[in-house]
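In this text, residue positions in the sequence shown follow this note's numbering: the first is -17, and each later residue adds one.
For each residue, glycine too, the CB sits at the ideal point set by N, CA and C.
For reference, the structure discussed in these notes is given below.
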Amino acid sequence: MRFTAKFAAALLPLAFAMITGTAQARDWNTIKAAGTVIAVTEGSFYPFNYFEGSKLTGFEVEIAEAVVKKLGLNIEWRVVPFDAQVASIRQDRFDFAIASHGYTEERAKSVDFTNPHYCTGGQIAAPKDGALTAAALNGHTVGVQLATSYYDSAKKIPGLKELKTYKADPEVFSALKAKKIDAWISDKWLIKATLDKNPDAGIVAGEQVFIERVSAIMRKNNKELMEQFNRGLAEVVKDGTYASLSQKYFKTDVSCR
């Protein structure tokens, strides 16, 4: 899951303090000479990227750090809201972003996608006696995070009464518990983790409505950096690091098999 809205709000000053506008995307030779890659994530998408106190961690954070280590580099993190990351990459502010970006044709017009580091899908969550399939959502109000592939997918579900957007998934989950919406659509692994952490919420996972391949993103045509990242990711898979992290965070294999 992500943090509760209250906890996430408490972290915002810390998260935004990590943003810098002076960084710039660089080619591989420049990065290699500097010895450090500058990466961006969201910092509030548990268990993928989040804060434990002041420490940034999560499945994607550890994957990126392992990949960069394979390349013989250090990593310097920045935290930026999810809905601003594609624009930040387009503006050459960072070398790459890793924050659960599912591939879409629209995003691919603006940025390039690395090989996927996990596969997932959009899933419905709702009260036990609620609308747990796409067909059952007819006439109901659904909540999603703004600027996500889940929003794009939910727009295609026919017959929705209303599609409400929220800044972050913790807000959607809070709205669902408060009965302000009838269902929530988000990443299936996030929903699983959320419900595991909140067994008494009366919310259950429903139908998976689409499949998604999730990758890091970087500026278009930064070909050598792309090749190096993909090489590092392949080595992390080969040496067992990926499998270990997948079990640590999800207790299952989340790779694209």
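Contacts around Ala113, its chain only, beta-carbon distance under 7 Å, and the 5 residues preceding and following it disregarded: Closer than 7 Å at the Cβ level, and outside the excluded window around Ala113, lie Leu119, His122, Asp164, Ala165.
Contact set for Val93: own chain, Cβ-Cβ below 7 Å, skip 5 residues either direction: Excluding sequence neighbours, Val93 sits near Val68, Ile71, Arg72, Ile199, Met200, Arg201, Lys202.
Separation of Ser26 from Leu215, as counted between CA atoms: Looking at the two C-alpha atoms, the distance is approximately 23 Å.
Cβ neighbour criterion (16 or more within 10 Å) applied to Lys179: So Lys179 counts as exposed.
Classification of Ala117 by the beta-carbon crowding that lies within 10 angstroms, buried from 16 upward: Around the CB of Ala117, fewer than 16 other CB atoms lie within 10 Å, so the residue is classed as exposed.
Expected contact under 8 Å - CB spacing of Tyr100 and Gly125 to nearest Å: 23 Å between Cβ atoms; not a contact.
Beta carbon of Pro109 nearer than 8 Å to that of Ile20: The answer is no: Cβ separation not under 8 Å.
Helix, strand or coil at Asn11 according to DSSP, with G and I counted as helix: In the three-state DSSP reduction, Asn11 falls in the helix class (H, G or I).
Best match in Leu55, Phe78, Gly54, Ile45 for proximity to Val61 [C-alpha to C-alpha]: Measuring from the Cα of Val61, the nearest candidate turns out to be Phe78.
C-beta atoms of Asn212 and Asp9 nearer than 8 Å: The answer is no: Cβ separation not under 8 Å.
Cβ neighbour criterion (16 or more within 10 Å) applied to Asn31: Residue environment for Asn31: buried (at least 16 other C-beta atoms within 10 angstroms of its C-beta).
Limits of the alpha helix (DSSP H) - the one that Lys159 falls within: First-last of the alpha helix (DSSP H) with Lys159: 151 to 159.
Nearest residue (CA-CA) to Leu142, options Thr115, Tyr28, Trp171: Taking only the C-alpha atoms, the option nearest Leu142 is Thr115.
Span separating the alpha-carbon of Lys138 from that of Val43: Rounded to whole angstroms, Lys138 to Val43 spans 32 Å at the Cα level.
Residue range of the unbroken alpha helix (DSSP H) whose run includes Ala223: The sequence as given places Thr at residue 223; Ala does not occur at that position. In the DSSP annotation of this structure, the continuous segment of the alpha helix (DSSP H) that includes Thr223 starts and ends at 223 to 232.
Extent of the continuous beta strand (DSSP E) to which Ile139 belongs: Ile139 -> no beta strand (DSSP E), and no H or E assigned at all.
Cutoff 6 Å; reference Gly40; Cβ partners in own chain excluding five residues on either side: Correct list, in chain order: Pro29, Phe30, Asn31, Tyr32.
Ile173 - DSSP class collapsed to helix/strand/coil: Helix at Ile173.
Anticipated Cβ contact below 8 Å, Ala157 with Leu145, distance rounded: Rounded to the nearest angstrom, the Cβ distance from Ala157 to Leu145 is 13 Å, too far for a contact under 8 Å.
Pairwise C-alpha distance: Ala150 and Phe192: Roughly 20 Å separates the two Cα atoms.
Cβ neighbours of Leu55 in the same chain (closer than 8 Å, five flanking residues each side left out): Once the five neighbours on either side are set aside, the close Cβ partners of Leu55 are Ile13, Lys14, Gly17, Thr18, Val19.
Whole beta strand (DSSP E) elements within the segment 56 to 123, 3-residue minimum: As far as the segment 56 to 123 is concerned, its whole beta strand (DSSP E) runs of at least 3 residues are 56 to 61, 78 to 84, 93 to 95, 100 to 109.
Arg195 (DSSP reduced to helix, strand or coil): In the structure shown, the three-state DSSP call for Arg195 is strand.
One or two residues paired with Met200 in a DSSP bridge: Per DSSP, Asp94.
Opening and closing residue of the beta strand (DSSP E) in which Phe33 lies: Start and end: 31 to 34.
Cβ-based neighbour list, Tyr224, same chain, cut-off 6 Å, excluding 5 preceding and 5 following: The answer, listed in chain order, is Val218.
6 Å CB neighbourhood of Lys159 in its chain, flanking five on each side removed: Closer than 6 Å at the Cβ level, and outside the excluded window around Lys159, lie Ala183.
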